[in-house]
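Each remark here refers to the structure printed beneath this line.
Protein chains: 2
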Amino acid sequence: MTDFKKLVETLDQTTEEDRKLTPKQEQILKAAVEIFAEKGYASSSTSEIAARANVAEGTIFRHYKTKKELLISIVTPFMTKFTLPFFASHFANKVFEEPPEELEGLLRTLLKNRFEFARENAPLLRIVIQEMAFHPELQERFQDVFLEEIFPKFENALNQLKAKGKLVEIPNTSIIRMIISTVMGFLVTRFIIAPDLNWDDENEIDYTIDFIMHGLAKS
Amino acid sequence: MTDFKKLVETLDQTTEEDRKLTPKQEQILKAAVEIFAEKGYASSSTSEIAARANVAEGTIFRHYKTKKELLISIVTPFMTKFTLPFFASHFANKVFEEPPEELEGLLRTLLKNRFEFARENAPLLRIVIQEMAFHPELQERFQDVFLEEIFPKFENALNQLKAKGKLVEIPNTSIIRMIISTVMGFLVTRFIIAPDLNWDDENEIDYTIDFIMHGLAKS
DNA sequence: AATTAAAGTGAGTAATCACTCACACAGGAG
DNA sequence: CTCCTGTGTGAGTGATTACTCACTTTAATT
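Protein sequences, first through last, are from chains A and B.
Positions 1 to 219 (the UniProt record's numbering) are the ones given, in order, by the first sequence.
Positions 1 to 219 (the UniProt record's numbering) are the ones given, in order, by the second sequence.
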């Protein structure tokens, strides 16, 4: 429960920070997200961001010392919000603290959570995926969250499911990789690669969960 | 068999083109691949490429009209070589022309093929994934290959497997998405995100195939 | 009304960028 | 030898870049 408290504090902090923002600062962030998502960080110019935000170029550098600091202040709140609640919903949290009965309920909340979040933040998801490759600061931030918060809980749940004979006996790292590959593959296809297709989201989510469930069930 | 012939011609053509290259031109391509993979296309400068290639900057523009043409001449041969042989190995080809007995054999050749290719061309794989998002020319080239060559054959094979009652009854697009998500998720993790981990490749390939097989088997 | 600190401005700057061009040099054909 | 064409060169160019700074405006406090 202490973990959960810490998480809530983190989220509250960031939303408090959001409220401190000047109107012009909000315009800057909005414009920067749009342009970064469209052309990538390296190909985006601060002059263009200023223009779209209806702001003088100097105003950007009043609030953010460098262009990179602007990127980071956009990306890191998203990263923590996207990765931490992985197991932070009340239901999912319970699943991971009590011995988990079934993988399916966990997968379903997890996928639906992240699906809604990705839908509402598609440009940010795009930016993170694109820029993570080139900015070590972002990689470190991600590793911190993933290795210390998500991975241990994930592994613990998998071990309990294995003990109950409900999971294939392959390494946890492999299981986690397959789950994340499938989930991220779905989200990336749905919201980044082909967002304009006619998606039957309800069914696709069900198919995806069934695929993982059968793929990982003890044979 | 005509398709197969065309494919061989395509591959031969590109390797013939490779042989026409000046030594300096090879140095340029090698340096460009390295630097594009390290810092991304937009953050790479032609001066740095020239320096690493031990070549004057003007030499680059003698062979490639623009920086973007250099990128494209690097990326498109890789894309066709990576996507086309999807079903072009003799064995896989047979599987897709005769009624397919099992999905497993197909998956195994397919994954092993692409695995070796990704291992030998990891920097190029990285460049393609990174730059596809921002260059419509690359997206079009990819769509041509995928929609006209791979997708129809893939779908045909899946239909035959479904008719035999060996596959779940969900849309082919969903099945294809899950297979590609899992395969690409493995290759990207293995060669781009965490290439320095201690990988047990033989087993990981087996796990991955088993995961897909069970995930897609008729329940 | 006076004071003050923060927010906002935009012309200015040095660096870097992709790309050009006039020229040097190779070697094969006539 | 004389062309000639393709290859290689590197100083030069205009455009663009992230960032600075002297200045003005805003808004809240005394």
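All C-beta atoms in this analysis are idealised placements derived from N, C-alpha and C, irrespective of residue type, glycine included.
Along the stretch 122-142 of chain B, where does the CB come closer than 7 Å to a CB of chain A? Name the residues. 130, 133 and 134
Is DSSP giving residue 189/A helix, strand or coil here? Looking up residue 189/A in the first sequence gives position 189. Residue 189/A falls in the helix class under three-state DSSP.
How about residue 84/A and residue 36/A: are their beta carbons less than 9 Å apart? Along the first sequence, read from residue 1 onward, the residue named residue 84/A stands at position 84. Along the first sequence, read from residue 1 onward, the residue named residue 36/A stands at position 36. Not a contact, by the Cβ cut-off of 9 Å.
Proximity below 9 Å, CB of residue 180/A to CB of residue 40/B: The residue given as residue 180/A occupies position 180 in the first sequence. The residue given as residue 40/B occupies position 40 in the second sequence. Between residue 180/A and residue 40/B, the C-beta gap is not smaller than 9 Å, which leaves the two residues out of contact.
Is the separation between the beta-carbon of residue 147/A and that of residue 158/A shorter than 9 Å? Taking the first residue of the first sequence as 1, we reach residue 147/A at position 147. Taking the first residue of the first sequence as 1, we reach residue 158/A at position 158. Their beta carbons are not under 9 Å apart, which means residue 147/A does not touch residue 158/A by this criterion.
For residue 56/B, which of 38/B, 24/B and 76/B has the nearest alpha-carbon? Taking the first residue of the second sequence as 1, we reach residue 56/B at position 56. When only C-alpha atoms are compared, the closest one is 24/B.
Within 9 Å, strictly: CB atoms of residue 183/B and residue 108/B: Within the second sequence, residue 183/B is the residue found at index 183, counting from 1. Within the second sequence, residue 108/B is the residue found at index 108, counting from 1. The answer is no: Cβ separation not under 9 Å.
Closest residue to residue 120/B among 141/B, 132/B and 190/B (Cα-Cα distance): The residue labelled residue 120/B in the question sits at position 120 within the second sequence. Out of 141/B, 132/B and 190/B, 190/B has the C-alpha closest to the C-alpha of residue 120/B.
Express the C-alpha separation of residue 173/B and residue 112/B in angstroms, rounding to a whole number. Counting from 1 along the second sequence, the entry for residue 112/B is found at position 112. Counting from 1 along the second sequence, the entry for residue 173/B is found at position 173. Approximately 23 Å, taken between the alpha carbons.
C-alpha distance - residue 78/B paired with residue 164/A, whole-angstrom precision: Along the second sequence, read from residue 1 onward, the residue named residue 78/B stands at position 78. Along the first sequence, read from residue 1 onward, the residue named residue 164/A stands at position 164. Residue 78/B and residue 164/A: Cα-Cα distance of roughly 46 Å.
Could you tell me which chain B residues have their CB closer than 9 Å to the CB of residue 39/A, listed as they occur along the chain? Here residue 39/A refers to the residue found at position 39 when the first sequence is read from its first residue. Under the 9 Å cutoff, chain B gives 42 and 134.
Within the UniProt domain "HTH tetR-type" (22-82) of chain B, note down every full beta strand (DSSP E) run reaching 3 residues or more, in order along the chain. none
Using a Cβ-Cβ distance cut-off of 9 Å, determine whether residue 171/A contacts chain B. Reading the first sequence from its first residue, position 171 is the one you call residue 171/A. With 9 Å as the cut-off, residue 171/A counts as an interface residue toward chain B.
Answer yes if the stretch 191-202 of chain B comes into contact with the stretch 116-130 of chain B, meaning at least three C-beta pairs across the two stretches below 8 Å, and no otherwise. At 8 Å Cβ cutoff, the stretches touch.
State yes or no: is the C-beta of residue 32/B within less than 9 Å of the C-beta of residue 51/B? Here residue 32/B is taken as the residue at index 32 of the second sequence, counted from 1. Here residue 51/B is taken as the residue at index 51 of the second sequence, counted from 1. No, these two residues do not count as a Cβ contact at 9 Å.
On the criterion of 16 or more Cβ atoms from any shown chain inside 10 Å, does residue 47/B qualify as buried, or is it exposed? Looking up residue 47/B in the second sequence gives position 47. Result: exposed.
What residues in its chain sit with their C-beta under 8 Å from that of residue 217/A, if we drop five residues either side in the sequence? Here the question's residue 217/A lines up with position 217 in the first sequence. Excluding residues within five positions, the ones whose Cβ falls inside 8 Å are 166, 167 and 168.
Determine the extent of the alpha helix (DSSP H) in which residue 115/B is found, giving its start and end residues. Within the second sequence, numbered from 1, the residue matching residue 115/B stands at position 115. 103-120 is the span of the alpha helix (DSSP H), which, as asked, contains residue 115/B.
Below-9 Å beta-carbon distance, residue 185/A vs any chain B residue: Position 185 of the first sequence holds residue 185/A. Chain B contact via Cβ: present.
Do residue 73/A and residue 29/A have their CB atoms nearer than 9 Å? Numbered from 1 along the first sequence, position 73 holds the residue referred to as residue 73/A. Numbered from 1 along the first sequence, position 29 holds the residue referred to as residue 29/A. A contact, by the Cβ cut-off of 9 Å.
What separation, rounded to the nearest whole angstrom, lies between the Cα atoms of residue 104/A and residue 204/B? In the first sequence, residue 104/A corresponds to position 104, counting from 1. In the second sequence, residue 204/B corresponds to position 204, counting from 1. Each residue's Cα considered, the two are about 24 Å apart.
From what residue to what residue does the alpha helix (DSSP H) around residue 170/A run? The residue given as residue 170/A occupies position 170 in the first sequence. Per DSSP, residue 170/A belongs to no alpha helix (DSSP H) and is neither H nor E.
Spell out whether any CB of chain A is found under 9 Å from the CB atom of residue 69/B. As a first step, residue 69/B must be located in the second sequence, where it is residue number 69. No - not a single Cβ of chain A is within 9 Å of the one on residue 69/B.
Neighbourhood of residue 131/A by C-beta distance below 6 Å, restricted to the same chain and skipping five residues each side: Counting from one through the first sequence, the residue named residue 131/A turns up at place 131. Here the set comprises 41.
Measure the C-alpha to C-alpha separation of residue 122/B and residue 20/A and round it to an integer number of angstroms. Taking the second sequence and counting its residues from 1, the one referred to as residue 122/B is at position 122. Taking the first sequence and counting its residues from 1, the one referred to as residue 20/A is at position 20. Roughly 44 Å separates the two Cα atoms.
Within the continuous alpha helix (DSSP H) that includes residue 163/A, where are the two ends? Position 163 of the first sequence, counted from the first residue, corresponds to residue 163/A. 151-163 is the span of the alpha helix (DSSP H), which, as asked, contains residue 163/A.
Buried versus exposed, by CB contacts within 10 Å (16 or more), residue 44/B: If you number the second sequence from 1, residue 44/B lands on position 44. So residue 44/B ends up on the buried side.
Return helix, strand or coil for residue 181/A, following the three-state DSSP convention. Here residue 181/A corresponds to residue number 181 of the first sequence, with the count starting at 1. It is helical.
Test: residue 82/A CB closer than 9 Å to a CB of chain B: Your numbering for residue 82/A matches position 82 in the first sequence. No - not a single Cβ of chain B is within 9 Å of the one on residue 82/A.
How far does the alpha helix (DSSP H) with residue 138/B in it extend, from its first residue to its last? Within the second sequence, the letter at position 138 stands for residue 138/B. Taken as a continuous stretch (DSSP letters only), the alpha helix (DSSP H) holding residue 138/B covers 136-145.
Only counting the same chain, and skipping five residues up and downstream in sequence, which positions put a Cβ closer than 7 Å to that of residue 141/A? By 1-based counting over the first sequence, the position of residue 141/A is 141. Excluding positions up to five away in sequence, the list reads 76 and 79.
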